[in-house]
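Undergrad: Structure provided below as structure tokens; questions to follow.
Number of protein chains: 2
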Amino acid sequence: MNAVHDPFTHPASRLALEVFRLNGALISAGDTLVAPLGLTSARWQVLGAIAEAGGALPTAGIARNMGLTRQSVQRVVDDLAARGLVCFATNPHHKRAKLVQLTAAGTQAFAAASARWAPLADLLLARIGPAAAEAAATTLHQLRTTLSEAGAGSGDPT
Amino acid sequence: MNAVHDPFTHPASRLALEVFRLNGALISAGDTLVAPLGLTSARWQVLGAIAEAGGALPTAGIARNMGLTRQSVQRVVDDLAARGLVCFATNPHHKRAKLVQLTAAGTQAFAAASARWAPLADLLLARIGPAAAEAAATTLHQLRTTLSEAGAGSGDPT
DNA sequence: CGCTTATTGACAGCACACTGTCGTTATGGA
DNA sequence: TCCATAACGACAGTGTGCTGTCAATAAGCG
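Chains L and V are the protein sequences, given in the same order.
The first sequence begins at 1 in our numbering and counts up by one.
The second sequence begins at 1 in our numbering and counts up by one.
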């Protein structure tokens with residue numbers, strides 16, 4: 001009995017397009033925010049994933065935590081290593097899978113990025129309110145869960 | 001003064017990460033959905049933008065409607081033209097800016113993509129409910145507006 | 001111990017969006 | 001009319017993410 005849904009006005013379509021637009025705006029804002037630090041949104045996120053994990057984990061572990069593929073993360077990690085923001089430590093549990101660690105410069109860069117992000121995060125939260133932020137996060141999470149259930153999840157099936 | 005916000009647990013940070021993840025999931029699901037039609041998410045969206053606009057508009061116009069740059073859209077349009085899904089018509093208002101039109105094959109491909117998307121859109125909407133969809137769309141729009149106000153809008157300043 | 005399987009790193013190639021730049025075309029004001 | 005500005009198409013280069021593939025390592029099992 002579905003009504004004749006115009007693909008342009010379907011609520012799910014409009015929400016999806018809004019996600020696309022906000023995603024682009026967030027990446028753009030993030031790039032601008034951390035550009036003075038020699039960072040990009042992707043490099044910043046990888047530094048954050050390492051910091052959040054306690055400071056040392058292999059590339060594949062970073063990828064899992066971020067929901068990306070090893071290959072994507074690896075390129076960024078190599079880039080960060082070339083810039084001296086991360087270094088590699090031997091992994092007692094796996095000879096080839098070296099642990100990625102923040103260097104002093106990397107720790108400092110991530111702290112500086114966080115300091116630059118904090119005011120904007122507060123502004124965004126104040127604009128929409130904590131309740132709406134929580135509700136939106138829940139809704140988006142439900143959508144992502146439904147997508148992965150309906151379509152075979154992403155991951156690293158290599 | 002602001003509480004000591006852990007950058008990992010700030011509601012705005014968590015919402016941003018959720019947007020990133022859902023964006024990736026939507027693109028991935030879209031690619032899978034329309035792959036049998038020889039389409040990708042990007043090509044599908046461009047076809048949709050042309051169809052929504054009534055069938056003919058220049059590349060730069062498509063880009064404005066989608067919130068992307070001319071250059072990004074142009075590559076996809078050229079690709080669609082090579083595949084016979086769109087064609088170019090002379091523009092009475094601008095000699096070089098030819099109008100992009102859907103071919104019969106393009107119209108058919110977009111209709112097929114819409115037909116494949118409809119059930120998934122209905123499923124997603126049923127999962128979260130119309131009210132949550134509307135609320136989330138509003139919240140995301142507010143965030144995007146706030147970002148563009150705070151950080152110099154995106155667009156095509158070329 | 002030896003074999004199979006899963007995990008990991010590494011490399012190549014593709015898709016997509018961005019910035020920067022140039023030449024062409026329209027448009028509007030001096 | 002003529003020139004400055006804006007808009008558009010085109011091309012090059014960069015960043016990010018994906019898939020596909022291979023060799024090396026680790027872990028489990030007969």
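Ideal placement from N, C-alpha and C gives every residue a C-beta, glycine not left out.
Using a Cβ-Cβ cutoff of less than 7 Å, which residues in the same chain neighbour Q74 (chain L) once the five nearest sequence positions on both sides are dropped?
TA: T59
Undergrad: How big is the Cα-Cα spacing for H94 (chain V) and A16 (chain V)?
TA: Taking the CA atoms as reference points, H94 (chain V) sits about 41 Å from A16 (chain V).
Undergrad: W44 (chain L) versus chain V: which residues are under 8 Å apart at the beta carbon?
TA: Ordered by position in chain V, no residue passes the 8 Å Cβ test against W44 (chain L), which lies about 10 Å from the chain.
Undergrad: If the criterion is Cβ atoms closer than 7 Å, does the pair L124 (chain V) and E18 (chain L) meet it?
TA: Contact: no.
Undergrad: Do we get a CB-CB distance below 7 Å when we pair N65 (chain V) with the residues of chain L?
TA: no
Undergrad: For L37 (chain L), which residues in chain V fall below 8 Å Cβ to Cβ?
TA: Using a Cβ-Cβ cut-off of 8 Å, L37 (chain L) is close to nothing in chain V; its nearest Cβ partner there is about 14 Å away.
Undergrad: Looking at L33 (chain V) and A109 (chain V), is the spacing between their C-beta atoms short of 7 Å?
TA: no
Undergrad: Is it true that the CB of A121 (chain L) sits closer than 7 Å to the CB of S13 (chain V)?
TA: yes
Undergrad: Quick one: what's got a C-beta closer than 6 Å to T40 (chain L)'s C-beta in the same chain, skipping five residues either side?
TA: D31
Undergrad: Kindly indicate the opening and closing residues of the beta strand (DSSP E) around L99 (chain V).
TA: Taken as a continuous stretch (DSSP letters only), the beta strand (DSSP E) holding L99 (chain V) covers 94-102.
Undergrad: Quick check: what's the CA-CA separation for D79 (chain V) versus V86 (chain V)?
TA: If you take the alpha carbons of D79 (chain V) and V86 (chain V), they lie about 9 Å apart.
Undergrad: What is the DSSP secondary structure of T40 (chain V), counted as helix, strand or coil?
TA: coil
Undergrad: Work out the CA separation of S72 (chain L) and T9 (chain L) for me, nearest whole Å.
TA: The straight-line gap from Cα to Cα measures roughly 34 Å.
Undergrad: Using the C-alpha atoms, what's the distance from N65 (chain V) back to P11 (chain L)?
TA: 18 Å
Undergrad: Hey, how far is the Cα of F208 (chain L) from the Cα of L102 (chain V)?
TA: Only positions 1 to 158 of chain L appear in the structure, and residue 208 (chain L) is not among them; the question remains open.
Undergrad: Looking at chain L, which residues of the region 114-128 of chain V have a Cβ within less than 7 Å of any of its Cβ atoms?
TA: S114, W117, A118, L120, A121, D122, L123, L124, L125, R127, I128
Undergrad: Report the residues of the region 8-22 of chain V with a CB closer than 9 Å to any CB of chain L, ordered along the chain.
TA: Answer set for the region 8-22 of chain V: F8, H10, P11, A12, S13, R14, L15, A16, L17, E18, V19, F20, R21, L22.
Undergrad: Would you please verify whether the beta carbon of L102 (chain V) is less than 7 Å from any beta carbon of chain L?
TA: no
Undergrad: Counting contacts by CB-CB distance shorter than 7 Å, is T59 (chain L) in contact with chain V?
TA: no
Undergrad: Give the residues of chain V in contact with A150 (chain L), contact being defined as C-beta atoms less than 7 Å apart.
TA: Those within 7 Å of A150 (chain L) in chain V are L120, L123.
Undergrad: Of the residues L:A135, L:V100, L:S148, which one's Cα is nearest the Cα of G84 (chain L)?
TA: Looking at L:A135, L:V100, L:S148, the one whose alpha-carbon comes closest to that of G84 (chain L) is L:V100.
Undergrad: Can you tell which of V:L22, V:A49, V:A25, V:N23 has the C-alpha that lies nearest to the C-alpha of P7 (chain L)?
TA: Measuring from the Cα of P7 (chain L), the nearest candidate turns out to be V:A49.
Undergrad: I think R70 (chain V) touches L22 (chain L), with their Cβ atoms under 8 Å apart; what is that distance to the nearest whole Å?
TA: Rounded to the nearest angstrom, the Cβ distance from R70 (chain V) to L22 (chain L) is 21 Å, too far for a contact under 8 Å.
Undergrad: Could you tell me which residues DSSP puts in a beta bridge with V77 (chain L)?
TA: Per DSSP, none; premise fails for V77 (chain L).
Undergrad: Of all the options V:A42, V:A82, V:R96, which has the alpha carbon lying nearest to the alpha carbon of A63 (chain V)?
TA: V:A42
Undergrad: For G55 (chain V), collect the residues of the same chain with a Cβ closer than 7 Å to its Cβ; drop the 5 residues on either side in sequence, then sort them by chain order.
TA: Q101, L102
Undergrad: The beta strand (DSSP E) that contains T59 (chain L), what's its start and end?
TA: It is not in any beta strand (DSSP E) - T59 (chain L) instead sits in the alpha helix (DSSP H) that spans 59-66.
Undergrad: Considering only residues of the same chain and omitting the five flanking positions on each side of T107 (chain V), which have a CB-CB separation below 8 Å?
TA: A51
Undergrad: For the candidate residues V:A35, V:G61, V:L68, whose alpha-carbon lies nearest to that of F20 (chain L)?
TA: V:L68
Undergrad: Compute the beta-carbon to beta-carbon distance between L147 (chain L) and L26 (chain V), rounded to the nearest angstrom, for a pair I have assumed lies under 8 Å.
TA: 7 Å
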